[in-house]
Structure formats: C-alpha cells, structure tokens
Amino acid sequence: MLCTLFLAALGAAQATEIAVEHASIGATDPAYDAIDERDRLAGWGLRAGYTVVPSFTVIGSWSMQRRGAAYYAPVLGDQDGNYYDESESATALLGHTAGLGVKWNVIENPWVSPYVSAQGLVQVGTLKLDDDVSRDDNLNQLSARALAPGFTVVGGADIGLGLEELPVRPMGHVELGYGHLAALDYGDVGALKLRGLVFRAGVGVHF
Amino acid sequence: MRTPSLTLLLALGACGFENLPDQGYHAADLPLWDPAVVSLNDAVYVMLPHSGELARVHPTEGWTLVDLNGLTPSRLVATPDREGVIVFGSYPTCTETDPKIETIQDCEDLDGEIELVHEVALVRGGAVISSAQIAAHFNAVSFTNDGAQAALHLNYDSGADIEVTGVSDLTQVLFMDLDSGVITPVAVGFAADRILFNADDSKAVVLSRGEVLVIELTSGNFDIEVRFPLSLDVDVQVRPRDVALTPDGTYALVTVTGDDSLYVLDLEQESINIVPLSAAPTAMVVDPVADRSLFVYENLAVVDILEHDLFEIETVPLDEPMNQIQSLAGEALLYSTAGRKDAYVLELGAADYDELRLENPASELVLSPDETLALAITRPEVSGSSGLDAWYDANWGVEIIDLVDRENLPLVAESEPLAVAFTAEASTPTALVLLANSTDLMQLDLARRTASAVELEAPALGLDRFGDAGFVIVNNAQFGLLSFLDPATGEITAVGGFATAGILQGEQPLPRLVEEE
Chain A
143 MLCTLFLAAL GAAQATEIAV EHASIGATDP AYDAIDERDR LAGWGLRAGY TVVPSFTVIG
203 SWSMQRRGAA YYAPVLGDQD GNYYDESESA TALLGHTAGL GVKWNVIENP WVSPYVSAQG
263 LVQVGTLKLD DDVSRDDNLN QLSARALAPG FTVVGGADIG LGLEELPVRP MGHVELGYGH
323 LAALDYGDVG ALKLRGLVFR AGVGVHF
Chain B
247 MRTPSLTLLL ALGACGFENL PDQGYHAADL PLWDPAVVSL NDAVYVMLPH SGELARVHPT
307 EGWTLVDLNG LTPSRLVATP DREGVIVFGS YPTCTETDPK IETIQDCEDL DGEIELVHEV
367 ALVRGGAVIS SAQIAAHFNA VSFTNDGAQA ALHLNYDSGA DIEVTGVSDL TQVLFMDLDS
427 GVITPVAVGF AADRILFNAD DSKAVVLSRG EVLVIELTSG NFDIEVRFPL SLDVDVQVRP
487 RDVALTPDGT YALVTVTGDD SLYVLDLEQE SINIVPLSAA PTAMVVDPVA DRSLFVYENL
547 AVVDILEHDL FEIETVPLDE PMNQIQSLAG EALLYSTAGR KDAYVLELGA ADYDELRLEN
607 PASELVLSPD ETLALAITRP EVSGSSGLDA WYDANWGVEI IDLVDRENLP LVAESEPLAV
667 AFTAEASTPT ALVLLANSTD LMQLDLARRT ASAVELEAPA LGLDRFGDAG FVIVNNAQFG
727 LLSFLDPATG EITAVGGFAT AGILQGEQPL PRLVEEE
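Just so you know, the sequences run in chain order A and B. For the first sequence, our numbering assigns the number 143 to the initial residue and increments by one for each residue that follows. For the second sequence, our numbering assigns the number 247 to the initial residue and increments by one for each residue that follows.
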C-alpha cells in the first residue's frame with residue numbers, strides 16, 4: 143500500500159533539470175595563496191536534478207576548477223649565500239568536485255522558486271608544480287593528488303520565465319551558503335583547506 | 247552535442263604541464279631552499295627557509311623531512327666524521343599563555359608578542375639525538391681532532407650582527423659532547439672567537455680578546471689551566487688573528503692583527519716568547535712533517551720559516567708577495583689570491599723553492615688527495631697584452647699544477663669555474679670542474695690531459711663530496727635539485743622537489759606550546 147502511494151507520488155512529481163553552473167567556495171586558507179591570491183576557488187560544471195516527490199529534488203553536481211599562478215621566490219644563489227634574482231615557477235590546482243544531495247523548493251512559483259539545498263561533496267584536487275615552465279622535460283614537474291569529503295548548505299532560487307506550459311522550460315538558479323571540505327592533504331608539501339562562502343549560479347532547462 | 251563538450255572539459259582538467267593555468271602570481275618572502283647544503287655519509291641535508299624545515303636527501307631513498315620539533319634551522323655544521331650535523335636554529339613562542347593560542351596569528355590577536363627561542367640540535371641518521379637551548383649569538387663550531395666534542399662559540403668575523411636575547415654572555419663557550427649531546431658552558435673571557443685542540447684532545451686553546459686560555463678537557467670539569475694575557479696594559483687591546491699548535495702540542499703560535507709579533511705560548515711551562523716576524527702575516531701554516539711553521543705577507547715578497555726548537559726564523563725572499571699557503575708534508579705550495587701570478591713549491595728543510603708562473607691570477611686552489619697535483623681556478627685580469635695573451639687574460643681558466651714535475655698547464659674555461667674537485671680514483675687522476683651557467687660537468691683526465699662532459703639536469707651552483715667516493719652537485723632549480731655523481735661510472739642520479747615541502751603554507755602554528763616546554 144505504502145509502496146503504491148510512493149510510486150503514485152513519484153509519477154505525479156516527475157521532473158528533471160539540467161544546468162550549467164558557475165560554482166565557487168571560500169579559500170581563505172593562506173596556503174591557497176601559493177595558487178591563487180583571491181580567496182575563493184571557482185570553476186564551471188553541471189548540475190542535474192530529479193524531482194522525486196513534489197518540491198523535493200535529488201541533486202547531483204560536478205564542477206571543475208583550474209587555478210594557477212606564477213610562483214616567485216628569492217633564490218640563494220651559491221654556497222656562499224649570495225642572492226641571485228628571483229626565478230619563476232608555476233603552481234596550479236586542478237580540481238573536480240562531485241556532489242549529491244537534496245533540494246527543497248519552499249515555494250513553487252513559475253517565476254521564482256526559493257529553495258534550500260544540502261549536498262555531500264567529494265573534492266579531488268591535483269596539485270601541479272613546475273619550476274621551469276620553459277622546458278617540457280623538466281625533472282621538477284611535480285604532481286600530487288588528494289581527496290577530501292565535505293558538504294554545502296545553501297539557500298537559493300530557481301528562476302523561470304513563467305513558461306510552465308512548455309515541455310522543456312529554460313530555467314536559471316542562484317544560490318548562496320556555506321561549504322566545508324576536509325583538508326586536501328599533500329603530505330610534506332602542505333594542505334589546502336577549502337571552506338567558507340559558497341556561491342553557485344547557472345542556466346539550464348527543466349523538463 | 248553534449249558529449250564532445252564534456253570530453254573537452256575533462257581533457258582540460260587532466261592536462262599535463264604544457265598548459266597550466268596562470269591567473270596571477272605569488273611571491274614568497276623567503277627562498278624555498280638554501281644551496282649551502284651539508285653532505286654527510288648517509289645523506290645530504292638542506293635547509294628550507296620558506297617552510298622552516300630541514301630536508302634529508304638521498305640518491306636512492308629520495309627526500310624526507312627531519313623532525314626538528316618545530317626548530318627552524320638557520321645554520322648547519324657537519325661533524326668531522328661526516329656522520330652528524332649540528333643544527334643551529336630557533337622556534338617561536340608567545341608571551342601570552344592563553345590555551346586558545348595555537349598559531350602565531352592567535353598570539354598576535356590576543357596581544358601577545360612572538361619571541362624566538364634559540365636552540366642547537368645534533369642530528370644523526372636523519373633524527374635528532376639531542377638538543378639544548380643556547381643564546382642567540384653562538385654561530386661557530388670547532389671540533390676536537392677525534393670529533394668527539396664540539397666547542398660552540400661566537401665568530402664575530404662572520405660579519406653577521408650579534409643577536410642578543412635578554413642579556414647575552416659573550417664570555418661563554420659551550421662544549422658539546424657529540425655522542426650524548428650534553429652541553430657544558432665554560433667562561434673563557436670576552437669574545438672568544440677561535441678554539442684549537444692539541445693532538446690528543448686533552449687541552450683546548452681558546453683565543454679571546456686580549457688573552458689566550460688553555461682549558462683541560464680530560465676531567466670533564468673544563469677547568470682553565472692557564473691564562474696568557476697578550477698585553478699587560480689594559481688600555482692596549484691585542485686582537486689575536488690566527489692561532490696554531492706545534493705538532494707536539496707544546497706550543498701555541500698566535501699572530502696578532504696589525505702586529506709583526508708572533509706570540510709563542512709554552513703551554514707546559516706557561517711562558518710567553520715573542521718572536522719578531524718580517525711583517526704582520528696574512529697566512530700561517532704549521533707543517534707537522536718538517537716541524538716548521540710558515541708565514542707569508544700581503545705586501546712583502548718573502549716567506550718566513552720558523553723552526554720549533556729554538557724558534558728561529560729563516561726568511562726566504564720571493565719575487566712576488568704571496569698570501570696563501572698549502573701544506574704538502576715537508577713542502578709547501580705558496581700562491582696568491584691578490585692578483586699575483588707567481589706560485590712557489592717550497593722545500594722547508596732546504597729553504598729552497600721552484601717557481602711557477604700562472605697564466606692568470608688564482609682565485610682558488612685545490613690539492614689532489616695524494617698531493618701530487620693541484621688545480622687552480624684562475625680569473626680574468628686587466629690585460630696590457632695583445633693577441634692570444636690578451637684573449638687568455640680576458641677569460642676564466644683552470645690551471646693544472648704538477649707538483650712532482652713542477653710544471654703547470656693552463657686551460658681556458660667558457661665561464662667562471664664555480665668549484666673544482668679531485669676524484670678518489672688514484673689510477674686515473676681525474677678532476678671535476680663545475681662551470682657557471684652551464685649544464686655540463688667537466689671531467690678532466692689529468693693523465694691524458696683530456697676533457698669530457700657529463701650533462702646535468704640544470705646549471706650547477708656548487709659541488710661537495712658524498713659518501714666514500716661520490717659527489718653531490720647542487721643545481722640551480724627553484725624547487726630544489728641535487729645530482730649525485732658516481733665518478734667510477736659517470737652515472738648521475740638527480741633528486742629534486744625537496745624544496746616544495748611546505749610550499750602550501752597555512753597558518754603558522756607555534757610548534758612548542760607552553761605546556762610542552
């Protein structure tokens with residue numbers, strides 16, 4: 143009986159959404175300065191959702207980040223301690239974030255539907271370091287990968303154009319909240335703690 | 247349509263090193279690593295100023311960090327047996343004792359002040375054997391002949407500012423047992439800056455401002471046996487310049503800055519004899535085979551030979567003044583780093599010499615292990631010549647000096663030779679020459695007078711011995727690079743990346759909180 147009711151509700155509420163989104167998370171950790179002196183890690187990705195019961199949508203997301211900087215450090219030039227000029231190296235973080243969670247649309251409206259959402263996250267971050275960017279075969283091209291779980295809790299809104307009657311409707315979304323990832327641990331190289339303000343905005347379709 | 251776009255995105259995310267993102271720049275305050283490495287028998291130790299760590303680098307084991315319990319190393323000194331390294335350093339503490347304080351930022355936020363605690367640690371096999379707090383001004387180490395003890399003192403000639411924490415006692419020397427790490431402070435007089443040990447390490451001779459002390463080392467009490475004032479007038483400041491012991495350890499020979507007097511201190515009879523030299527010497531060497539001492543002078547073209555029985559001087563005239571001496575067991579090689587091009591192989595017993603003429607002035611000279619050859623790095627000079635001579639004068643060079651046949655062979659270098667060294671292969675005497683801004687390590691076959699090159703990963707900064715017969719080459723690479731050379735095979739093993747340790751530097755913790763101290 144319960145199963146029948148659940149399937150009936152599922153059938154009535156069935157809807158799918160897919161969007162391309164810009165996503166960023168706070169990165170105020172001083173360790174992140176070596177990669178990007180701005181205090182956020184931003185990237186682009188996809189968000190997909192499936193409404194299982196009215197107003198409740200299972201959300202999955204993936205985003206990719208590519209941040210990097212030219213890295214300068216003074217160099218002690220010889221064994222007598224004489225200083226040489228600064229030399230240039232490169233640091234980069236190539237990240238992938240996957241999330242799975244739920245979204246609850248507090249008010250269903252063809253124009254603006256406010257919602258709250260929570261996602262569990264998995265962040266995979268590949269740190270790349272290269273101290274001679276002019277050479278392809280440089281020995282000091284170093285790469286390390288780390289994985290960190292985390293979560294986001296956000297409030298936002300789905301934004302439509304009032305075109306409820308269309309089978310495929312263009313939609314946008316904007317959301318703001320807090321995200322917290324465990325440290326991406328690169329051993330002796332250090333660790334990155336990505337946490338703080340989360341901002342996401344995207345455009346896509348509901349059908 | 248969607249599938250190719252996704253593939254493209256994934257491909258961009260997994261790119262190699264050819265297309266790294268570059269959206270800005272970051273400038274670190276401190277160098278990532280210090281090329282003044284210390285090469286021991288087990289590994290090479292490298293200070294990492296940016297992260298405050300000490301890296302241990304091995305050709306096959308790679309690199310690891312040495313746990314110094316938060317001590318940021320500032321100076322490394324290898325022990326004489328090359329089995330250990332003495333690490334001078336400091337760590338931050340906070341004047342406030344709030345338990346919430348865990349980082350430097352916490353301390354500053356709670357109106358605390360950061361203070362540095364200075365410490366010396368003895369590291370063997372990649373681990374700290376012992377450590378002890380010391381005053382900030384200790385910056386030099388002297389070792390006993392058997393390498394069992396070290397004396398830590400202030401060397402004001404290093405040119406560094408004397409760092410004072412609280413009230414520093416500049417009259418102290420610290421004796422450190424290199425097995426146990428136990429440190430014993432001994433008051434030795436103001437500004438002790440030179441310490442020697444006699445042949446059986448039973449006595450230490452300490453030079454300080456205006457006096458020389460002899461400290462006995464056998465009882466463990468470090469008692470001052472005798473104190474030699476170098477002046478009887480307190481208004482006259484006599485500053486010892488150099489000190490050496492005679493081969494039997496009975497006499498200490500002390501030269502004085504700006505004075506042509508040689509102070510001969512009889513350590514057994516506790517008496518002083520003053521011997522007049524030809525001038526204020528710039529270099530002094532004691533030759534244990536000939537049992538004589540040599541003195542040369544910056545602006546006087548003579549060498550004084552002092553015999554150790556009656557302490558009489560024999561003055562040998564030269565064509566040019568010399569300022570450097572290399573002892574050759576019964577002979578000596580005299581040369582100049584002050585622009586003179588003569589060099590002399592002096593027989594001490596006969597007070598006779600053979601004269602050599604270098605093509606350009608020497609800046610550095612290295613003896614082969616069997617003392618039959620020497621390599622001189624020669625520097626460009628202002629030329630009054632023309633043609634080939636003028637061209638030679640304008641270039642850096644390496645000069646091979648045959649100390650047996652008393653002849654020399656000048657070689658021209660494409661750039662400044664940074665370091666030269668002899669390999670231990672006695673059958674085929676070979677020298678290594680590192681050139682500035684070059685990725686080639688030159689190998690000179692000194693018997694055949696031929697040269698070959700071994701390619702390095704990056705230009706070199708320095709060269710040191712490693713292990714029994716190997717070498718380590720310090721390369722110029724931001725993230726750290728050492729090349730280990732096996733001279734027997736010519737094989738190079740490069741280890742890099744150690745300077746990336748701590749490159750992601752988060753909030754700086756206070757490594758030793760109050761309750762741990």
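For every residue, glycine included, the Cβ atom is placed at its ideal position computed from N, Cα and C.
Listed in chain order, the non-local C-beta contacts of A:G302 below 7 Å within the same chain comprise P252, W253, R311 and M313, local neighbours out to five positions each way being set aside.
Following the DSSP letters along the chain, one finds B:W309 inside the beta strand (DSSP E) bounded by residues G308 to V312.
Neighbours of B:Y291 in chain A, taken as residues at a C-beta separation under 9 Å, are lacking, since the least C-beta distance is about 14 Å. With contact defined as three or more Cβ pairs closer than 8 Å, the region 255-271 of chain A and the region 289-297 of chain A are in contact.
In this structure, the alpha-carbon of B:P626 lies about 20 Å from that of B:E544. At the C-beta level, B:I461 and B:A378 stay beyond 8 Å of one another. Restricting attention to B:D446, B:T464 and B:P475, the CA atom closest to the CA of B:R455 is found in B:P475.
Residue-level contact check: A:G344 does not touch chain B, since none of the beta carbons of chain B fall below 8 Å from its beta carbon. Check the Cα spacing between B:D280 and each of B:A301, B:Y271 and B:Y581: the tightest is with B:A301. Residue pairing of B:M422 in beta bridges, as defined by DSSP: B:A396 and B:I429.
In terms of Cβ geometry, B:D392 and B:D447 form a close pair [threshold 8 Å]. If you draw a straight line from the Cα of B:A373 to the Cα of A:V244, it is about 51 Å long.
Comparing alpha carbon positions, the residue from B:E737, B:E703, B:P757 and B:D355 closest to A:N280 is B:E703.
Across the structure, B:G330 and B:L368 are spaced so that their CA atoms are roughly 7 Å apart. Taking C-alpha positions only, B:L556 is separated from B:A547 by approximately 24 Å.
Separation of B:Q395 and B:L424 (C-alpha to C-alpha, rounded to the nearest whole angstrom) is 5 Å.
Contact with chain B is found for A:L281, since one of that chain's Cβ atoms lies less than 8 Å from the residue's Cβ. For A:I249, there is no enclosing alpha helix (DSSP H), since its DSSP letter is neither H nor E. With respect to B:L398, B:L420 sits close: the two C-beta atoms are nearer than 8 Å. Flagged as an interface residue toward chain B: A:A173, by a C-beta distance shorter than 8 Å. The Cβ of A:P312 sits no closer than 8 Å to any Cβ of chain B. The three-state reading of DSSP puts A:Y328 in coil, since its state is none of H, G, I, E or B. The beta carbon of B:A723 falls within 8 Å of a beta carbon belonging to chain A, placing the residue at that interface. Beta-bridge pairing by DSSP links B:N721 to B:A706.
Fully contained in the region 262-298 of chain B are the following beta strand (DSSP E) runs of length 3 or more, in chain order: 271-273 and 290-294.
Under the three-state reduction of DSSP output, B:P563 falls in the strand class. Sequence-ordered contacts of the region 307-341 of chain A with chain B read Y328, D330, V331, G332, A333, L334 and K335 [C-beta pairs closer than 8 Å]. Contact between the region 342-353 of chain B and the region 302-321 of chain B is absent, with fewer than three C-beta pairs closer than 8 Å. Among the CB atoms of chain B, none fall inside 8 Å of the CB of A:V264. 8 Å or more divides the Cβ of B:I380 from the Cβ of B:G427.
Between the alpha carbons of B:A525 and B:S477 lies a gap of roughly 19 Å. Sequence-ordered contacts of the region 188-215 of chain A with chain B read L188, M206, Q207, R208, R209, G210, A211, A212, Y213, Y214 and A215 [C-beta pairs closer than 9 Å]. Among the bridge pairs identified by DSSP, B:E365 is matched with B:G335 and B:Q379.
Residue range D598 to R603 is occupied by the beta strand (DSSP E) that includes B:D600.
The beta carbon of A:S231 falls within 8 Å of a beta carbon belonging to chain B, placing the residue at that interface.
The beta carbon of A:G292 sits closer than 7 Å to those of L263, Q265, G321, H322, L323 and A324, all from its chain and outside the five residues before and after it, given in chain order.
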